[in-house]
Structures are given as C-alpha cells and as structure tokens.
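Chains as they are written, first to last, in my numbering: chain A, 93 to 438; chain B, 93 to 438.
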C-alpha cells in the first residue's frame with residue numbers, strides 16, 4: 093500500500109482503499125489515515141509512505157515528522173498500538189480516540205468508549221476528571237483514561253457516575269439532647285443506652301467497654317444537627333462547634349458536607365483511614381464489608397498520576413470502588429459530586 | 093488507692109506505692125503518676141483522685157482538667173489505654189511514650205520503642221518523619237508512630253532506616269554510543285542487539301516485538317551518563333537532555349537523583365506506577381517480585397495521614413516495603429535519604 097504524507101494526515105491512493113473495511117482511515121472524498129494509523133501500518137510493513145512524492149520515509153523519519161506535528165504523538169501511538177494489538181477497533185478522534193466494542197468495526201457499530209490519554213508524569217485536575225462525565229453524557233459514550241507509564245505499559249481506567257441507592261433512614265425520636273464532652277479532636281458521649289443504640293443501629297462511633305461512645309467530629313456535628321446531642325465546651329457555645337471543628341481539621345467543611353450528604357442518603361459512613369481515604373461506606377446495615385472508599389478533595393485539586401493509581405489500586409485490592417467527592421457551586425447552592433474511577437480490564 | 097491531683101501529675105500516698113511494681117508512675121521522693129496513668133486507674137475504678145484534698149473527681153471532671161493541661165490528652169489517653177489493654181508496659185515520656193518489650197516492666201528492662209502519637213486529621217512533615225530516625229539512633233530505641241483515627245482505632249507504624257545491600261554491577265564495555273530518538277516523554281533505542289542486552293541483563297526499558305527499546309527519561313539520562321547512548325534531538329544538544337527532561341517532568345531532578353543512586357547500588361529499578369509510587373526495586377537480577385516501592389518526595393513535603401496510610405497499606409498488600417526518598421543537603425553535596433515505614437503488628 094502507498095500513502096503520501098500531508099501534514100497530520102496520510103492520503104492513500106484510491107485503489108488501495110479497501111483498508112477502510114479493516115477499520116483504518118476515513119473517507120473524505122479521498123481516503124485519509126491519521127498519523128497513528130499510518131505509523132502502525134508502516135511499522136508492520138503494510139504500507140510505504142512518501143513525502144511530496146519524493147523520499148520514502150522510514151519509521152524514524154516518520155516519527156520525527158509526527159512528533160513535530162504533535163508533541164504527544166509518542167504516548168498516543170503507544171496507546172493506539174496497544175489497543176490494535178489487543179484486537180480492538182480504535183480510531184483517532186473525539187477526546188483522543190474512539191474505542192469500539194470488541195469485534196465491532198468502525199461504521200458497523202457506534203464507538204462505545206472515548207479515550208483520554210495521559211502519561212505517568214502528567215497532572216490531571218479533578219475538574220477535568222469530572223468533566224469526562226459531562227462529555228460522556230453529551231456523547232453517549234463511556235469515558236476511559238489510558239495512562240502510559242515510564243515502562244510504556246498502559247493502564248486503563250473507567251470513569252463512572254456514582255449512583256447511590258437511597259435507603260430509608262430511621263426517623264430518630266427527638267428526646268432530650270444527650271450530654272457529651274469534647275476530647276480535643278473527638279467527642280465522648282456518656283449516656284450508655286443512647287451510646288449502644290447509636291452504635292448498634294446506625295454504626296456511629298466507637299463503643300468503649302464501659303459503653304461510652306467516642307464520636308468523630310463529623311459524626312458529632314451531624315448528630316448535633318439532628319438535635320440528638322449537645323457538646324459541653326467551656327466558654328464556647330455548642331453552636332460554634334462547626335467553627336471549632338474547622339479550626340482543628342483543615343478540610344472539615346468539605347468533609348462534613350460529604351458526610352452529611354451520604355448519611356442523608358441513608359448510607360453508613362465510617363472513617364476510611366485504614367484504606368487511606370476519608371470514608372468507607374456501607375450500602376446496607378447488614379453488610380459486613382464496605383462497598384465504597386470515598387476521598388474528599390477540594391474542587392481545585394490536581395491529581396498526580398501516581399496518586400490516582402495508588403488510590404484505585406488499593407480500593408481494587410480490597411474489592412471496593414474508589415470514589416472522589418467534591419463540592420461544586422450550582423447557582424446559590426453547593427452540590428456534592430462523586431466520581432467513581434476503577435481499573436478496567438480490556 | 094488515693095491520689096491527689098497536682099497540675100500535670102497525680103501524687104499517690106506513700107503507703108500505696110506498690111503500684112510502682114505494676115508499671116505505673118515514677119518515684120521522685122514521692123510517687124507520681126502521669127495524667128494518662130491516673131486516668132486509666134480512675135476509669136478502671138482502681139483509684140480515687142481528689143483535688144486540693146477536697147472534691148473527689150469523677151472521670152468527666154478529670155478529663156476536663158487533663159484537657160486543660162494538654163489539648164492532645166484525648167488521643168494520648170486512647171493510645172495509652174490501647175497499649176495497656178494489649179498487655180504492654182507503657183510509660184508517658186520521651187517523644188510521647190516509652191513502650192517496653194512484651195512481658196517486661198519499666199525498671200526491669202529498658203524500653204524498646206518510643207512512640208509518636210498523631211491523629212487522623214494531623215499533618216506530618218517528611219522532615220519530622222526522617223528526624224525520628226535520628227532520635228532513634230541517639231536514644232537507641234525504635235520509633236513507632238501511633239495514629240488515632242476518626243473511629244478511635246489505632247494503627248501502629250514502624251519507621252526504619254533502609255539498608256540496601258550493595259550489589260556488584262556489570263561493568264559495561266564502552267562501545268560506540270547508541271543512537272536513539274526522543275519520543276516526547278520517552279526515548280526509543282533502535283539497535284536491536286543493544287536493546288535486547290540492556291533489557292535482558294539489566295532490565296532497562298520495554299522491549300517491543302520489533303526488538304526496539306523504549307526507555308523512560310530517567311533510564312535514558314542514566315545510560316547517557318554512562319556513555320552508552322546519545323539522543324538525537326533536533327536543534328538540541330544531548331547535553332541539554334536533563335534540562336529538557338526537567339521541563340516536561342516537574343519532579344525530574346529529584347526522581348533522577350534517586351534513580352541514579354539506586355542503580356549505582358546495583359539495584360534493578362523500574363517504574364512503580366501500577367503501585368502508585370515512582371519506583372519498584374528488585375534486590376537481585378533473578379528476583380521475580382520487587383521488594384521495595386520507592387516514592388520520591390521534595391524534602392519539604394508534608395504528609396496527610398491518609399496519604400501515609402494509603403501508601404503503606406498498598407505496599408503491605410503486595411508484600412513490599414514502602415520507602416520514601418528525598419534529597420538532603422549535606423555540606424556541599426546532596427545525599428539521598430530513605431525512610432522505610434511499615435505497618436506494625438502489636
């Protein structure tokens with residue numbers, strides 16, 4: 093097969109256009125290949141490429157040309173080649189590439205995924221991660237992140253909306269507010285009956301052997317909002333508890349907002365510290381193992397790729413979904429957004 | 093038993109001083125208990141505590157007093173109680189506490205560990221983590237970090253020096269420098285013989301099916317330093333490669349310094365991306381699984397507790413040691429320091 097290099101395209105002579113049926117190129121009057129497609133055919137010796145009908149290009153020259161046009165050509169080509177070698181139909185375009193369901197060819201079926209390509213050394217804003225979900229809704233495709241690591245291995249991640257099922261929550265009877273003592277960065281509830289109830293029915297806090305309940309700051313703040321308890325603080329009114337909590341836990345406001353949102357959905361929320369996240373979340377009261385790890389981030393957070401990889405790998409290893417949560421301004425209000433990122437087996 | 097509160101101590105009447113033999117308190121003329129020790133005896137109803145020979149204090153009043161004196165009393169007491177309940181002899185003092193080997197009592201044997209207490213919501217500078225190793229050498233004790241999480245559970249971490257065994261490295265023959273092409277954020281080596289040798293003998297790079305070698309920026313920089321290869325860059329001299337790499341990978345200088353240090357020790361170093369760290373390191377050429385995960389940090393890095401927990405938990409799950417590396421100025425030179433942090437079963 094013969095092609096002619098023309099900027100960011102390689103034009104194939106009309107008679108050779110049967111490769112269209114093999115999933116390469118697009119018909120735009122003439123048949124055009126992207127640089128990734130042409131490079132793959134060149135490397136596999138299925139194509140010869142000339143520049144201005146003169147010099148035949150070898151792979152080295154072709155790579156130089158491609159890198160001049162796109163500095164990211166290296167990682168783009170590695171992902172393209174990896175997907176082709178795995179037997180997928182893939183087409184440059186969209187965010188970075190379109191990926192087709194296994195066995196399908198472009199034209200026969202619509203693409204199922206769009207791929208965003210990153211390198212191990214890139215940084216990736218949380219906002220861009222969340223924006224993939226908006227693109228997904230608009231394009232009706234599923235988002236995939238492909239990360240090319242320093243060893244030129246590629247890890248694929250799927251990005252999903254998190255759909256929590258709403259669970260009816262116990263309507264607590266408002267009794268007298270329980271007395272508690274602030275122990276610096278946690279709160280001690282003295283009433284042994286209430287302590288046992290809150291712990292056994294709704295999984296709040298840690299029950300000591302004396303049947304007292306140690307509550308975290310977010311738990312205490314939430315139960316206070318529910319008029320269940322009050323906090324005795326010297327010289328400090330309990331209404332100021334949120335201010336106090338915020339002064340000793342730097343990300344308290346974000347963390348509390350997410351905690352409240354999840355509890356209001358009827359979910360059981362406990363610290364995820366042992367898994368390196370803010371929360372572990374149980375879908376149901378009877379569940380033995382938590383289903384989600386939720387890490388709360390400021391909306392302007394920027395991920396390093398190793399940070400994303402570490403969080404997702406850990407969650408995967410303990411059979412939980414890794415979910416990043418953040419607060420977003422929506423008009424006058426703040427809403428909580430959840431982005432679920434997981435490893436994807438291709 | 094009767095005690096009298098006196099600031100940050102509780103004084104025990106002389107006749108009752110047999111508790112000294114049970115591992116509580118210190119003899120300083122009279123027998124003194126720390127607030128944690130006294131609180132533990134009070135909570136277990138083995139002691140009555142009075143203030144100024146008047147009012148008998150209940151636990152709530154005692155906690156208030158203790159929190160007035162030390163805002164961190166809550167987490168300190170939780171760690172103290174946890175260790176006592178696990179049957180350890182523990183004594184307030186040193187960094188936070190001294191911990192004795194199982195079965196030993198203070199006075200009989202020296203303490204084995206010193207404990208640094210942190211809360212899930214604390215931040216912990218890398219410099220403070222590394223300083224624990226200096227203290228350890230000075231005090232001839234092993235450092236332990238106790239982190240009290242939001243559920244008032246306690247996770248213990250051991251902090252160690254990393255002792256890498258030096259392995260004799262292959263003295264590479266200096267042949268002609270191999271030609272390579274810069275592919276943006278990686279480097280492609282064309283010589284198929286050299287590619288196979290470097291990959292099979294020293295585990296460099298990724299070998300493609302065409303027997304070309306894809307090298308990472310740190311690998312390429314190191315092999316260039318060893319006069320093994322040169323990089324063809326348009327309009328750019330290969331000496332400037334380090335500058336180039338630094339411009340596209342923000343932490344390249346630190347990362348490269350650690351890579352070179354490890355390679356010079358004869359270790360096999362590959363990306364640790366899949367484990368969320370910069371490097372995975374093999375002790376020997378025949379080793380199937382890597383032994384260490386190494387994450388490179390700027391010297392001024394400050395850990396969140398969840399970050400530490402996530403990294404260590406992941407490493408533990410894949411049976412590797414988690415090591416944090418950073419560059420430290422030592423006179424005129426930079427030296428690389430390695431801090432090994434692992435979960436500790438008590």
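Beta carbons are placed, not taken as given, at the ideal position from N, Cα and C, and that holds for glycine.
Please report the straight-line C-alpha distance between residue 192 of chain B and residue 294 of chain B, rounded to a whole angstrom.
As a first step, residue 192 of chain B is located in the second chain; it is residue number 100 there, counting from the start. As a first step, residue 294 of chain B is located in the second chain; it is residue number 202 there, counting from the start. Between residue 192 of chain B and residue 294 of chain B, the C-alpha separation is close to 45 angstroms.
For the candidate residues B:216, B:371, B:423 and B:177, whose alpha-carbon lies nearest to that of residue 415 of chain B?
As a working note, residue 415 of chain B is residue 323 in the second chain. The candidate whose alpha carbon is nearest that of residue 415 of chain B is B:371.
Is there contact between the stretch 429-436 of chain A and the stretch 425-438 of chain B, where contact requires at least three CB pairs shorter than 8 angstroms?
Too few Cβ pairs lie closer than 8 angstroms, so no.
Which residues in chain A sit within 8 angstroms of residue 403 of chain B, going by Cβ to Cβ distance?
As a working note, residue 403 of chain B is residue 311 in the second chain. Per Cβ cutoff of 8 angstroms: 368 and 402.
Short of 6 angstroms in beta carbon distance, which residues of its chain neighbour residue 286 of chain B, apart from the five on each side in sequence? Order them along the chain.
Along the second chain, one-based indexing puts residue 286 of chain B at 194. Here the set comprises 270.
From what residue to what residue does the alpha helix (DSSP H) around residue 219 of chain A run?
For the purposes of this step, residue 219 of chain A is taken as the residue at position 127 of the first chain. Its alpha helix (DSSP H) spans residues 218-231.
Give the DSSP-derived three-state secondary structure of residue 95 of chain B in the structure shown.
Here residue 95 of chain B corresponds to residue number 3 of the second chain, with the count starting at 1. DSSP places residue 95 of chain B in strand when its eight states are reduced to three.
What residues match up with residue 415 of chain A in a beta bridge as DSSP calls it?
For the purposes of this step, residue 415 of chain A is taken as residue 323 along the first chain, with counting starting at 1. Residue 415 of chain A is bridged to A:386 and A:432.
Quick one: using the 10 Å Cβ neighbour count with 16 as the cut-off for buried, is residue 244 of chain A buried or exposed?
As a working mapping, residue 244 of chain A is identified with position 152 in the first chain. Residue 244 of chain A is buried by the Cβ-count criterion.
Pairs of beta-carbons, one from the stretch 301-310 of chain B and one from the stretch 234-244 of chain A, closer than 8 angstroms: are there three or more?
Touching, yes, given that three or more Cβ pairs across the two stretches are closer than 8 angstroms.
I'd like to confirm the pairing. Which residues does DSSP put opposite residue 238 of chain B in its beta bridges?
Translated into the one-based positions of the second chain, residue 238 of chain B becomes position 146. DSSP lists B:209 and B:248 as partners of residue 238 of chain B.
Any chance you could list the beta strand (DSSP E) runs of at least 3 consecutive residues sitting entirely within the stretch 282-363 of chain A, in chain order?
Correct list: 305-307 and 321-324.
Quick check on residue 257 of chain A: buried or exposed, where buried means 16 or more other Cβ atoms within 10 Å of its Cβ?
Translated into the one-based positions of the first chain, residue 257 of chain A becomes position 165. Answer is exposed; the Cβ neighbour count stays below 16.
Compare the beta carbon distance of residue 279 of chain A and residue 323 of chain A with 8 angstroms and say whether it is the shorter of the two.
On the first chain, position 187 is the one that residue 279 of chain A refers to. On the first chain, position 231 is the one that residue 323 of chain A refers to. The answer is yes: Cβ separation under 8 angstroms.
For a test of the three-state rule: what should DSSP assign to residue 398 of chain B, helix, strand or coil?
If you number the second chain from 1, residue 398 of chain B lands on position 306. Here residue 398 of chain B sits in helix by DSSP.
Based on the DSSP output, what are the partners of residue 183 of chain B in its beta bridges?
Reading the second chain from its first residue, position 91 is the one you call residue 183 of chain B. Bridge partners of residue 183 of chain B: B:190.
Taking only three categories from DSSP, how would you classify residue 116 of chain B?
The residue given as residue 116 of chain B occupies position 24 in the second chain. Coil, per DSSP.
Under 8 angstroms between beta-carbons, which chain B residues line up against residue 273 of chain A? List them in chain order, please.
Here residue 273 of chain A refers to the residue found at position 181 of the first chain. By Cβ distance, chain B contributes 152, 155 and 156.
Counting only Cβ pairs nearer than 7 angstroms, list the residues of chain A close to residue 363 of chain B.
As a first step, residue 363 of chain B must be located in the second chain, where it is residue number 271. By Cβ distance, chain A contributes 212, 241, 242 and 243.
Among residues of its own chain, excluding the 5 on either side of residue 159 of chain A, which ones have a beta-carbon nearer than 6 angstroms to its beta-carbon?
Translated into the one-based positions of the first chain, residue 159 of chain A becomes position 67. Same-chain partners within the cutoff: 165.
From residue 238 of chain B to residue 365 of chain A, what does the alpha carbon distance come to, in whole angstroms?
To locate residue 238 of chain B, count along the second chain from 1; it is residue 146. To locate residue 365 of chain A, count along the first chain from 1; it is residue 273. The alpha-carbon atoms of residue 238 of chain B and residue 365 of chain A are separated by roughly 13 angstroms.
If you reduce the DSSP assignment to three classes, tell me which class residue 137 of chain A lands in.
Here residue 137 of chain A refers to the residue found at position 45 when the first chain is read from its first residue. Residue state, collapsed to three classes: coil.
Buried or exposed: which applies to residue 382 of chain A, given that a residue is buried once 16 or more other Cβ atoms fall within 10 Å of its Cβ?
Taking the first residue of the first chain as position 1, residue 382 of chain A is located at position 290. Result: buried.
What is the DSSP secondary structure of residue 393 of chain B, counted as helix, strand or coil?
Here residue 393 of chain B corresponds to residue number 301 of the second chain, with the count starting at 1. Note: residue 393 of chain B maps to coil in three-state DSSP.
Between B:348, B:389, B:406 and B:341, which lies nearest to residue 368 of chain A when the distance is taken from Cα to Cα?
Stepping through the first chain from its first residue, residue 368 of chain A is reached at position 276. Cα-wise, what sits closest to residue 368 of chain A is B:406.
Looking at the structure shown, is residue 406 of chain B part of a helix, part of a strand, or coil, going by DSSP?
Along the second chain, one-based indexing puts residue 406 of chain B at 314. Reduced to three states, the DSSP call for residue 406 of chain B is helix.
Starting from residue 298 of chain A, find everything on chain B with Cβ-Cβ shorter than 8 angstroms and list it in chain order.
Here residue 298 of chain A refers to the residue found at position 206 when the first chain is read from its first residue. Neighbours of residue 298 of chain A on chain B, chain order: 243, 244 and 245.
Does the beta carbon of residue 163 of chain B come closer than 8 angstroms to any beta carbon on chain A?
Walking along the second chain from the start, residue 163 of chain B turns up at place 71. Yes, because at least one Cβ of chain A sits closer than 8 angstroms to the Cβ of residue 163 of chain B.
Please confirm whether residue 339 of chain A has its beta-carbon closer than 8 angstroms to some beta-carbon of chain B.
Taking the first residue of the first chain as position 1, residue 339 of chain A is located at position 247. With 8 angstroms as the cut-off, residue 339 of chain A does not count as an interface residue toward chain B.
At a Cβ cut of 7 angstroms, what residues of the stretch 169-184 of chain B count as close to chain A, listed as they run along the chain?
The residues in question: there are none.
Pull up the distance between the alpha-carbon of residue 236 of chain B and that of residue 408 of chain B, whole angstroms please.
Position 144 of the second chain, counted from the start, is the residue given in the question as residue 236 of chain B. Position 316 of the second chain, counted from the start, is the residue given in the question as residue 408 of chain B. Roughly 17 angstroms between the two C-alpha positions.
Can you list, in chain order, the residues of its chain with a C-beta nearer than 8 angstroms to that of residue 347 of chain A? Leave out the 5 residues immediately preceding and following it.
Against the first chain, residue 347 of chain A aligns to sequence position 255. Only 310, 341, 370 and 388 meet the Cβ criterion.
What separation, rounded to the nearest whole angstrom, lies between the Cα atoms of residue 188 of chain A and residue 234 of chain A?
What you label residue 188 of chain A is simply residue 96 of the first chain in a count that begins at 1. What you label residue 234 of chain A is simply residue 142 of the first chain in a count that begins at 1. The alpha-carbon atoms of residue 188 of chain A and residue 234 of chain A are separated by roughly 13 angstroms.
So residue 61 of chain B is in the alpha helix (DSSP H); what residue range does that whole segment cover?
Because chain B spans 93 through 438 in this model, residue 61 of chain B falls outside it and cannot be assessed.
Kindly indicate if chain B contains any beta-carbon less than 8 angstroms away from that of residue 397 of chain A.
Translated into positions along the first chain, residue 397 of chain A becomes position 305. Closer than 8 angstroms to some Cβ of chain B, the Cβ of residue 397 of chain A qualifies, so yes.
So is residue 121 of chain A buried or exposed if we call it buried at 16+ other beta carbons inside 10 Å?
Position 29 of the first chain, counted from the start, is the residue given in the question as residue 121 of chain A. By the 10 Å Cβ count, residue 121 of chain A comes out exposed.
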